[in-house]
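Inspection log for the structure reproduced underneath, given as structure tokens.
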Amino acid sequence: MPNKTVACWSTMIHGYAINGYSLESLRLFKTMQALGLPPNSFTFVGVLAGSTGLGSLNLARCVHACVLKNGLVSHLYVGTALLDNYAKCGSVGNSYEVFKGIEEPGLVSYSAMITAFIDNRLFEDALSLFGRIRSLGLAPNSITMLSIVRGCASIGSIWLCENMHGYIVKLGLDLNASVMNSVLDMYISFDDFDTAVEAFEKMTIQDVISWTSLMRFLVQNGRAREALKMFSRMRIDGVNPDALVMVILTTACALLGDSLNGRLIHSQIIVCGLSSELPITNTLIAFYSKSRDLRSARATFDSMVEKSLVSWTAMINGCVQNRQPCDGMKLLIMMRREEDFEVDSVLVLCSLMACAELAVLELGEQLHAYIFKAGFCKFKLVQNSLVTTYSKCGHAKIAHRVFREMDCQDNVSWNAIISGYGFNGDGASALALFHDMERSGEETDERSYTSVLSACSHSGLADQGMEIFNHMLREGKVRPSAEHYGCVVDMLARAGRFEEAKGLVNSISLEGIHLDAWMALLGGCRIHDEVGLAELAADRVIKSGLKDAGHVVLLSNLYASIGRFEEVEMLRSNVRMKGLVKEVGRSTVDAMPLSVC
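Counting from 1, one number per residue, gives the positions in the sequence shown under full-length UniProt numbering.
Shown next, in the form of structure tokens:
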């Protein structure tokens with residue numbers, strides 16, 4: 001166009017701004033000024049939209065100066081755009097000054113100012129301004145109410161929320177899906193699911209956002225099965241799922257360990273054409289990994305056209321979860337070679353867990369060097385994982401050095417180093433550290449007692465271990481768990497104190513703990529060739545219906561060690577007939593390439 005009018009320039013500026021091309025819109029405005037064309041109110045609305053997109057307070061002030069120069073600061077739409085610009089930059093004080101300068105502020109200005117207050121957590125100011133709207137006889141619209149409902153939820157007053165809900169109904173805005181979805185979120189923020197469902201059932205339009213809010217709440221609150229039922233109802237009602245719904249449902253199946261429904265959800269994802277969505281594929285990898293179906297997890301991972309850091313992390317973590325740490329480390333090396341992602345602390349933690357499972361010191365040292373170089377040493381979770389990694393690599397002294405170099409040790413740090421010494425057979429050091437932990441004022445928990453009792457068990461410190469256990473019972477802060485009883489029974493059995501061990505097992509009445517204790521007793525019997533008691537322990541375990549064949553193998557080995565081979569063959573036949581499975585161990589060290597950083 002040879003002769004562009006102000007209207008043409010303004011339209012282009014506005015078009016660039018609302019489509020996310022903020023810099024281009026401002027460059028056009030600068031060119032327009034250079035040509036001497038006078039901007040009007042529509043021009044400045046576009047310019048301010050561009051300025052808001054960049055989020056620069058200095059830029060907002062420059063545009064404000066131009067608005068003042070052109071005498072448009074009191075204009076309704078220009079003033080509203082300007083106050084919104086300041087609010088998005090976090091300068092709500094300037095927003096309010098602009099608002100006060102608007103000659104005839106309408107509902108659009110009030111709504112923008114209320115939103116500015118709420119975005120900056122000035123809830124009382126927002127409600128005060130909302131009261132002024134009502135006193136002026138202005139009827140709030142959906143935009144006003146969306147902000148107010150969000151503010152009410154943030155204030156934390158259920159009474160205020162219920163009153164606002166009633167006012168929304170009075171205004172007739174309960175027919176607006178967006179407003180009612182915000183009401184659902186408001187009730188959900190109070191964990192008032194029943195009221196949220198009641199509001200949901202009364203909604204004229206139940207869109208995918210409404211269903212998503214309810215299903216997400218159910219999954220986050222341990223009611224994943226109900227979320228799956230709600231999805232079935234949603235499909236019957238003809239509402240098509242989006243990517244977020246599929247992420248929520250896949251997460252639900254992972255939490256439930258529901259492989260069948262998870263695969264059905266996967267098929268729905270394919271049918272709906274959502275299989276290329278990154279968040280969905282990442283969640284599918286996590287689901288299959290948790291379902292112990294590493295092959296499907298890897299197939300999903302390999303089928304991805306584009307992989308994010310989350311994708312790689314999920315797959316590496318899946319390998320570690322499924323006792324394939326070597327594959328996990330190979331993936332890490334592949335990622336470092338093929339991608340230029342900036343590694344985050346989550347991936348570092350997954351890598352350390354893989355290294356700990358492999359127990360290869362050289363890998364641990366390489367990772368430690370990378371962690372130090374990349375600045376992850378300041379993360380407490382990473383420091384604690386380093387302690388565990390060095391411990392599992394057989395170097396408790398290095399783990400202790402990492403522990404001492406921490407700025408401050410937390411409960412997890414103490415538990416990790418106590419467990420580390422126990423893992424390496426140094427029960428005396430583990431015991432000393434446990435007492436140091438008590439003296440430091442750090443609170444001991446269930447894990448602390450498990451670590452120290454296990455250390456005593458594997459170091460022949462039965463007397464000291466019993467003293468710790470009895471102290472735990474007397475103090476009463478930590479309730480004995482299956483692991484605790486298992487450790488103590490194992491400790492007594494290893495020390496040959498079978499009558500005490502048997503007496504403790506028989507004294508346990510808590511459901512679920514009994515089985516673990518008998519398993520521990522069986523292991524101790526194997527060490528001391530206590531056949532009679534071993535048979536009793538194995539019988540109790542077998543009658544429980546346990547599918548793991550580990551207990552049968554223990555008894556079989558015991559029979560073999562004393563030459564009772566007929567019983568060995570009988571037990572092996574029993575394993576085959578009942579379909580029992582012994583978890584297979586793996587050795588992956590020899591296959592592990594040593595270059596990860």
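Note that the Cβ used here is the ideal one computed from N, Cα and C, for glycine as well. From a predicted model like this one, the values you see are computed outputs, not experimental measurements.
Alpha carbon of Y187 to alpha carbon of G71, nearest angstrom: Linking Y187 to G71 through their CA atoms gives a straight-line distance of about 45 Å.
Taking the Cβ atom as the reference point for each residue, do T450 and C487 lie within a distance shorter than 9 Å? yes
Distance between beta carbons of S454 and N415, contact taken as under 8 Å: No, N415 and S454 are not in contact; Cβ-Cβ is about 11 Å, not under 8 Å.
Can you give, in chain order, each stretch of the alpha helix (DSSP H) that sits fully within the segment 259 to 298 and has at least 4 residues? DSSP assignment within the segment 259 to 298 yields the following whole alpha helix (DSSP H) runs of 4 residues or more, N-terminal first: 259 to 271 and 278 to 290.
Thinking C-alpha only, which one of C377, F376 and Q321 is nearest L358? Comparing Cα positions, the closest option is Q321.
Using 8 Å for Cβ pairs, my map puts S345 next to F372. What's the rounded Cβ distance? With 8 Å as the limit, S345 and F372 do not qualify as a contact, their Cβ atoms being about 14 Å apart.
Could you check what DSSP says for N40 in three-state terms: helix, strand or coil? It is coil, neither helix nor strand.
Residue from L107, I155 and R134 whose Cα sits closest to the Cα of L122: I155
Quick check: what's the CA-CA separation for Y167 versus G101? 30 Å
Can you list, in chain order, the residues of its chain whose CB lies under 6 Å from that of K290, leaving out five sequence neighbours each side? A254
is_contact[F193, chain C] using C-beta, thresh 9 Å: Absent from the structure is chain C; it holds one protein chain and no more.
How should H14 be labelled, buried or exposed, when 16 other C-beta atoms within 10 angstroms of its C-beta is the threshold for buried? buried
Which stretch, first to last residue, makes up the alpha helix (DSSP H) that contains T251? A243 to L256
Should N85 and T52 be called a contact, given that it needs their Cβ atoms to be closer than 9 Å? Yes.
Tell me the DSSP secondary structure of F379 in three-state form. coil
For T5, name the three-state secondary structure that DSSP assigns. coil
Could you have a look at A359 and say whether DSSP puts it in helix, strand or coil? coil
Helix, strand or coil, according to DSSP, for L228 in the structure here? Three-state result, L228: helix.
The alpha helix (DSSP H) that contains R132, what's its start and end? F123 to S135
Close-in-space but distant-in-sequence residues of the same chain around N221 (CB under 8 Å, 5 per side omitted): D191 and F193
Considering just the uninterrupted stretch of the alpha helix (DSSP H) at S213, what are its terminal residues? V208 to Q220
Pull up the distance between the alpha-carbon of S95 and that of D119, whole angstroms please. For S95 and D119, the distance between alpha carbons rounds to 12 Å.
Relative to the C-alpha of A493, which candidate in H471, H458 and L473 has its C-alpha closest? H458
Could you compute how far the alpha carbon of L284 sits from the alpha carbon of A297? So the two alpha carbons sit approximately 7 Å from each other.
Which class does L83 belong to by DSSP, given the choice of helix, strand or coil? helix
Cβ shell of V47 (< 8 Å), same chain only, five flanking positions each side left out: I13, A17, S25, L26, F29, P39, V63 and C66
Assumed close pair L349, L381 - CB separation to whole angstroms, cut-off 8 Å: 6 Å
To which residues of the same chain is D590 closer than 8 Å at the C-beta, ignoring the five residues directly before and after it? Since pLDDT at D590 reaches only 45, below the 50 mark, its modelled position is unreliable, and the value read off the structure follows with that caveat. Answer for D590: no residue qualifies.
Look at the Cβ atom of M230, then the Cβ atom of L218, and state whether they are nearer than 9 Å. Less than 9 Å divides the Cβ of M230 from the Cβ of L218.
Are the CB atoms of M234 and W211 within a distance shorter than 9 Å? Using a Cβ distance threshold of 9 Å, W211 and M234 count as a contacting pair.
Here's a check: name, in chain order, each residue in its chain whose Cβ is nearer than 7 Å to the Cβ of K4, leaving out the five neighbours to either side. none
Consult DSSP for A591 and reduce its assignment to one of helix, strand or coil. Summary for A591: the model assigns pLDDT 45, below 50, so the residue's position carries little reliability; its value from the coordinates is reported in the next sentence. If DSSP states are grouped into helix, strand and coil, A591 belongs with the helices.
Between which two residues does the alpha helix (DSSP H) holding S147 run? S142 to I155
Cutoff 8 Å; reference V45; Cβ partners in own chain excluding five residues on either side: H14, Y77, V78 and A81
Going straight from the alpha carbon of T313 to that of M437, what length do you get? 34 Å
Alpha-carbon spacing of G585 relative to W159, whole angstroms: Low confidence applies here, because G585 scores a pLDDT of 48, under 50, leaving its location unreliable; read the following figure in that light. About 58 Å.
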